[in-house]
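Participant: Under the working numbering, the first residue of the sequence shown carries the number 16, and numbering increases by one thereafter. Glycine is no exception: its CB is placed at the ideal position from the N, C-alpha and C atoms.
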Amino acid sequence: MKKPTALLSTETLQARVAELGAEITRDYQGSHDLVVVPILKGSFLFAADLIRRIELDLSIEFLGLRSYGAGTESSGVVQITYDLTQPVVGRDVLIVEDIVDTGLSMRYLLENLATRQPRSVKLCSLLHKPARSRVKVPIDYLGFTIEDRFVVGYGLDYAEKHRNLPYIGVLEE
Ligand code: IMP
Ligand code: MG
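The following block contains the structure:
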């Protein structure tokens with residue numbers, strides 16, 4: 016398999032993750048019950064690094080979403096593949112996502128979570144591809160805005176491969 020070309024290096028990612036962690040630490044000082052919700056599978060590496068930069072008591076609850084088939088185009092149909100194991104009523108939920116592309120997945124999830132009566136819901140996304148946005152989604156904490164290219168690595172896949180790359184790269188056509 017050809018090695019993807021680096022777009023965001025390990026160092027660049029780690030520096031930004033540290034900044035996001037510090038910002039989140041400041042903003043949630045008053046929170047008594049922060050639940051960090053990494054969206055599987057794509058955000059598992061980002062979330063693992065991010066939570067180690069958040070200096071607060073917190074809980075982790077995973078949630079799995081699928082909106083893509085095997086290719087690079089969103090099907091627009093969003094499915095929950097793994098749900099929270101605890102209620103979030105009255106709690107501060109911080110969603111951790113790998114990338115907001117069309118925005119369809121996050122719109123679906125934000126609407127779904129609102130029905131579960133959390134105290135607050137915020138979104139932290141490592142990447143945003145505004146060129147492909149189809150619905151507007153408020154991103155409270157954003158790592159990087161990127162151009163309209165399909166990226167892999169640091170948790171993100173192409174047909175389930177490349178998640179283990181330590182950087183974000185692009186596949187050459
Ligand atoms: P959206 O619903 O179109 O915003 O899609 C969001 C999901 O699609 C993300 O959580 C990723 O799992 C996946 N995705 C979108 N763009 C890319 C990409 O460039 N590389 C890998 N996965 C992507
Ligand atoms: Mg995803």
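Is D155 near the ligand IMP, in the sense that its beta carbon is under 7 Å from a heavy atom of that ligand?
Facilitator: Along the sequence shown, one-based indexing puts residue 155 at 140. Flag unset: Cβ of D155 not near the ligand IMP.
Participant: Residues bridged to Y156 by DSSP?
Facilitator: As a working mapping, residue 156 is identified with position 141 in the sequence shown. Paired residue(s): C139.
Participant: Taking 8 Å as the cut-off, does the region 126-145 touch the region 100-118 (at least 3 CB pairs, one atom from each stretch)?
Facilitator: By the criterion of at least three beta-carbon pairs nearer than 8 Å, the region 100-118 is in contact with the region 126-145.
Participant: According to DSSP, simplified to helix, strand and coil, what is R81?
Facilitator: Position 66 of the sequence shown, counted from the first residue, corresponds to residue 81. Three-state result, R81: strand.
Participant: Just to confirm the assignment, what range does the beta strand (DSSP E) spanning I66 have?
Facilitator: Translated into positions along the sequence shown, residue 66 becomes position 51. Counting along the chain, I66 falls outside any beta strand (DSSP E), though it belongs to the alpha helix (DSSP H) covering F59 to I66.
Participant: Please identify the residue among L124, H47, R41 and E70 whose C-alpha is closest to the C-alpha of L78.
Facilitator: Position 63 of the sequence shown, counting from 1, holds the residue named residue 78. Answer by Cα proximity: L124.
Participant: At a cut-off of 7 Å, is S46 close to the ligand IMP when judged by its beta-carbon and the heavy atoms of the ligand?
Facilitator: Taking the sequence shown and counting its residues from 1, one reaches residue 46 at position 31. The answer is no for S46.
Participant: Taking the CB atoms as reference points, tell me whether I66 and L80 lie closer together than 8 Å.
Facilitator: Translated into positions along the sequence shown, residue 66 becomes position 51. Translated into positions along the sequence shown, residue 80 becomes position 65. Their beta carbons are not under 8 Å apart, which means I66 does not touch L80 by this criterion.
Participant: Taking the alpha-carbon of F159 as reference, which of K144, F165, G170 and V167 has the nearest alpha-carbon?
Facilitator: Within the sequence shown, the letter at position 144 stands for residue 159. Of K144, F165, G170 and V167, the residue nearest in Cα terms is K144.
Participant: Please list, in chain order, all residues of the same chain as L35 whose beta carbon is under 8 Å from its beta carbon, the five residues on each side excluded.
Facilitator: The count along the sequence shown starts at 1 and reaches residue 35 at position 20. Correct list, in chain order: L65, R68, C139, Y156 and G158.
Participant: How close, in whole Å, do the beta carbons of V103 and V50 come, if the pair is a contact with beta carbons under 8 Å?
Facilitator: Here the question's residue 103 lines up with position 88 in the sequence shown. Here the question's residue 50 lines up with position 35 in the sequence shown. Going by Cβ atoms, the distance from V103 to V50 rounds to 6 Å, so yes, they are a contact pair.
Participant: Quick one: Cα of I54 to Cα of L23, how far?
Facilitator: Here the question's residue 54 lines up with position 39 in the sequence shown. Here the question's residue 23 lines up with position 8 in the sequence shown. Spanning the two alpha carbons is a distance of roughly 21 Å.
Participant: Closer than 7 Å to a non-hydrogen atom of the ligand IMP - does that hold for the CB of V50?
Facilitator: Taking the first residue of the sequence shown as 1, we reach residue 50 at position 35. V50 Cβ: outside cutoff for every heavy atom of the ligand IMP.
Participant: At a cut-off of 7 Å, would you count M16 as near the ligand IMP, judging by its Cβ distance to the nearest heavy atom?
Facilitator: What you label residue 16 is simply residue 1 of the sequence shown in a count that begins at 1. Not one heavy atom of the ligand IMP falls within 7 Å of the beta-carbon of M16.
Participant: Compute every distance between the C-beta of L55 and the non-hydrogen atoms of the ligand IMP, then say whether any falls below 7 Å.
Facilitator: Numbered from its first residue, the sequence shown carries residue 55 at position 40. Result no, Cβ not under 7 Å from the ligand IMP.
Participant: From V92 to S82, what distance separates their C-alpha atoms?
Facilitator: Translated into positions along the sequence shown, residue 92 becomes position 77. Translated into positions along the sequence shown, residue 82 becomes position 67. Between V92 and S82, the C-alpha separation is close to 6 Å.
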